[in-house]
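Trainee: First residue of the sequence shown: 42, per my numbering; consecutive thereafter.
Where a beta carbon is used, it is the ideal one built from N, C-alpha and C, also for glycine.
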Amino acid sequence: MIEAKPVKRLCRTHSTITVNGQFPGPTLEVRDGDTLVITAINRARYNATLHWHGLRQLRNPWADGPEYVTQCPIQPGRSYTYRFTIQNQEGTLWWHAHSRWLRATVYGALIIYPKMGRPYPFLMPKKEIPILL
42 MIEAKPVKRL CRTHSTITVN GQFPGPTLEV RDGDTLVITA INRARYNATL HWHGLRQLRN
102 PWADGPEYVT QCPIQPGRSY TYRFTIQNQE GTLWWHAHSR WLRATVYGAL IIYPKMGRPY
162 PFLMPKKEIP ILL
């Protein structure tokens, strides 16, 4: 759900466009080979699209997010369902809005773990904390 919510930053509360009421948006944790089905409901006053930064969009480039390039923007009050499969990728990526200034607040981490049964290419961490700069 993309919508304006009050968010407190630096001791002040501002109306900020959020995803599911969170700023930054939720961290998506998936495995290589998973199919993601994400319905973006736009309750903001502005057009929106989502871009899956660094993710290979094989056979479905229309889910890549640049408005008026790969898809029409999601208009206020409308929704769009992104559907794609993670193929041969692992690592920490990110997703973000690809619509004007919304990219400043509509974003989050996308963590792709190895397929079940496939070892990590490094020592498995005891704890993970995604940091978005």
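Spatial neighbours of E108 within its chain, please: C-beta separation below 7 Å, excluding the five flanking residues on both sides.
Mentor: Answer for E108: N88, T90, P114, H139, S140, listed in chain order.
Trainee: DSSP beta-bridge partners for T80?
Mentor: For T80, which the question treats as bridged, DSSP gives the partners T122.
Trainee: Sorry if obvious, but does the Cβ on P162 come closer than 7 Å to a heavy atom of the ligand NAD?
Mentor: Within the structure as shown, the ligand NAD is missing, as the structure has no ligands at all.
Trainee: Who are the Cβ neighbours of R119 in its own chain at under 7 Å, not counting the five residues just before and after it?
Mentor: Only N83 meet the Cβ criterion.
Trainee: Which word fits I81, buried or exposed, when buried means at least 16 other C-beta atoms lie within 10 angstroms of its C-beta?
Mentor: The amino acid at residue 81 is misidentified as Ile; the sequence shows Ala. By the 10 Å Cβ count, A81 comes out buried.
Trainee: With a CB to CB cut of under 7 Å and the five nearest residues on each side skipped, what residues in its chain are close to G132?
Mentor: I153, listed in sequence order.
Trainee: For the beta strand (DSSP E) containing P47, name the first residue and the last one.
Mentor: Start and end: 43 to 50.
Trainee: Here's a check: name, in chain order, each residue in its chain whose Cβ is nearer than 6 Å to the Cβ of E44, leaving out the five neighbours to either side.
Mentor: Correct list, in chain order: R84, A85.
Trainee: Taking the C-alpha atoms as reference points, what is the distance between W103 and E169?
Mentor: Roughly 31 Å separates the two Cα atoms.
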